[in-house]
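Remarks on the structure that follows.
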Amino acid sequence: MSQNIRNNKTFLADLGLLYASAVWGTTFFIVKGVVKHIDPVILCAYRFLLAAIIVSIFLLITKRQLFSNLKEGFVLGFFLWAIYISQTIGLVFTSAANAAFITGLFVAFIPIFSFVFFRIMPSLIQIIAIFIALIGLWLLTGGLNSINKGDLITIITAIAYALHVLFGDKFVKNNIDPFVLCFQQFLFVSIFSFITAFFFKLDFAFSTENVFWIIIYLTLFPTVLAFLIQLIAQKITSPIKVSLIFALEPLFGAVFAWTFGKEAFILNSAFGGLLILLAIVISDLEIDLRKLFLKVTTM
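First residue of the sequence shown: 0, per numbering that gives the first Met the number 0; consecutive thereafter.
In structure tokens, the structure reads:
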């Protein structure tokens, strides 16, 4: 019975992570359009401030401590801010395809940082899954067309992404409330974004009423709901599984572009997405490959 309950929880966690990956993937075109009317850093500041306010109301109603374990919230907030800022700056100097591929390299950084910071080695089956996912990512995004300073900046995005997943995993598995962590990371992302905006003397105004409603949408679904689901799901699943599911983000973006954006269907991209799905399935297999190899060779 307990195994069935765990399987159900794992399934729901994977489903939640798929939602997060899908909603982040489909917001690419929304953000791409809205930044013509509002500075990306200002958008980030407003979006995460509103998200922090929404989660704080829930915490106050449920009588939870908003500022317990503040150090952990600061760490996640810094990594999340680094993801958004470095990706925004990187896109000024590189193509969306290059940015998508380089950001997806966080899948490879996860096992490296997992060993460096926590001395946790991935299994052989997980390494194989990561390798398959990287091939899929290359096909899905088109790989690197050339290397420029935007690509180098976007590497920071991939590093911060990996660290955000790993430290988020560590914090929630140490029984830190994911709702409190979410509030704190949103608050710090907003603070860091406002500081950045003041430092560079950015314009806080936006030009159309539509921007307001887009900020509301971005706050509710890709921010509050998606990041809450991520941290709750990370109590159940592994960082490598999380990274493989999140590697589907460009696929959801491509599907959105093919359907709603009326862009041409690309077979290589679809095949790359299928490889990432295969990697997710493989990562769940509890197989000792060394024993399996010995068994096959001695038959």
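Backbone N, C-alpha and C fix where the C-beta goes; we use that ideal spot for every residue, glycine too. Being a predicted model, the structure only gives us computed values, none of them experimental.
Which of helix, strand or coil DSSP assigns to residue i
{"i": "S20", "result": "helix"}
{"i": "N97", "result": "helix"}
{"i": "D176", "result": "coil"}
{"i": "Q233", "result": "coil"}
{"i": "L138", "result": "helix"}
{"i": "M0", "result": "Model confidence at M0 stands at a pLDDT of 44, short of 50, so the residue's coordinates are unreliable; what they give is reported in the following sentence. Three-state result, M0: coil."}
{"i": "A81", "result": "helix"}
{"i": "L90", "result": "helix"}
{"i": "I111", "result": "helix"}
{"i": "Q125", "result": "helix"}
{"i": "L291", "result": "In this predicted model, L291 has a pLDDT of only 47, less than 50, meaning its place in the structure is not dependable enough to derive any value."}
{"i": "F61", "result": "Looking at the sequence provided, one finds Thr at residue 61 rather than Phe. T61: coil per DSSP, three-state reduction."}
{"i": "R118", "result": "coil"}
{"i": "I37", "result": "coil"}
{"i": "S302", "result": "The requested residue 302 does not occur in the structure, where the chain is confined to residues 0 to 298."}
{"i": "F251", "result": "helix"}
{"i": "D283", "result": "coil"}
{"i": "L104", "result": "coil"}
{"i": "L143", "result": "coil"}
{"i": "I265", "result": "coil"}
{"i": "A246", "result": "coil"}
{"i": "F28", "result": "helix"}
Top-ranked residue by Cα proximity to residue i, from the options
{"i": "I41", "options": "S20, T87 and F226", "result": "T87"}
{"i": "G32", "options": "I214, L277, L276 and V223", "result": "I214"}
{"i": "I231", "options": "G15, V22 and P221", "result": "G15"}
{"i": "V210", "options": "F199, V30, D168 and L277", "result": "V30"}
{"i": "N173", "options": "S122, L133, N147 and I235", "result": "I235"}
{"i": "F112", "options": "S282, L143 and K169", "result": "K169"}
{"i": "P249", "options": "T140, S94 and L69", "result": "T140"}
{"i": "W212", "options": "G272, V171, I37 and V106", "result": "I37"}
{"i": "I239", "options": "A128, A269, L138 and R46", "result": "A128"}
{"i": "H300", "options": "A81, S122, F57 and D202", "result": "Limits of the chain in this structure are 0 at one end and 298 at the other, which puts residue 300 out of reach."}
{"i": "N68", "options": "I101, I134 and P177", "result": "P177"}
{"i": "G167", "options": "G72, F199 and V254", "result": "G72"}
{"i": "L276", "options": "F255, I265, I244 and A263", "result": "I244"}
{"i": "L75", "options": "L201, L165 and L274", "result": "L165"}
{"i": "N97", "options": "I146, I119 and V106", "result": "I146"}
{"i": "Q183", "options": "F226, F203 and I155", "result": "F226"}
{"i": "L219", "options": "R46, L273 and S55", "result": "R46"}
{"i": "A95", "options": "K200, Q233, G149 and I134", "result": "G149"}
Residue i to residue j span [Cα, whole Å]
{"i": "L217", "j": "S20", "result": "14 Å"}
{"i": "Q229", "j": "F92", "result": "30 Å"}
{"i": "N267", "j": "T61", "result": "48 Å"}
{"i": "A246", "j": "A132", "result": "8 Å"}
{"i": "Y83", "j": "C43", "result": "8 Å"}
{"i": "V22", "j": "F251", "result": "8 Å"}
{"i": "F259", "j": "Y18", "result": "18 Å"}
{"i": "A269", "j": "L138", "result": "8 Å"}
{"i": "F292", "j": "I279", "result": "Here the model assigns F292 a pLDDT of 47, short of 50, so the residue's position is not dependable, and the following value carries that caveat. Between F292 and I279, the C-alpha separation is close to 22 Å."}
{"i": "W257", "j": "A99", "result": "17 Å"}
{"i": "L288", "j": "I124", "result": "The pLDDT assigned to L288 is 49, lower than 50, so where the model puts this residue is not dependable, and the model offers no usable value."}
{"i": "S237", "j": "S206", "result": "43 Å"}
{"i": "A253", "j": "F66", "result": "39 Å"}
{"i": "T26", "j": "P221", "result": "8 Å"}
{"i": "F191", "j": "L48", "result": "11 Å"}
{"i": "L151", "j": "L58", "result": "39 Å"}
{"i": "A12", "j": "S282", "result": "15 Å"}
{"i": "F28", "j": "A263", "result": "15 Å"}
{"i": "A204", "j": "K35", "result": "12 Å"}
Any non-hydrogen atom of the ligand SAH within 7 Å of residue i CB
{"i": "W257", "result": "Of ligands this structure carries none, so the ligand SAH is not represented either."}
Presumed contact (8 Å Cβ cut-off) between residue i and residue j, rounded CB distance
{"i": "L143", "j": "G271", "result": "Wrong, their Cβ atoms sit about 14 Å apart, outside the cutoff."}
{"i": "I109", "j": "S242", "result": "5 Å"}
{"i": "A196", "j": "F78", "result": "With 8 Å as the limit, A196 and F78 do not qualify as a contact, their Cβ atoms being about 19 Å apart."}
{"i": "T153", "j": "G89", "result": "4 Å"}
{"i": "F255", "j": "G24", "result": "7 Å"}
{"i": "I101", "j": "A157", "result": "6 Å"}
{"i": "L171", "j": "L180", "result": "Sequence check: residue 171 is Val here, not Leu. Yes, they are in contact, since the Cβ atoms of V171 and L180 sit about 7 Å apart, within 8 Å."}
Residue i at chain D interface by Cβ criterion, 8 Å
{"i": "S122", "result": "Chain labels in this structure do not include chain D; a single protein chain is all it has."}
**Request:** Can you check the stretch 161-224 for any alpha helix (DSSP H) of at least 4 residues that lies completely inside it and give the ranges in chain order?
**Result:** 177-198 and 208-218
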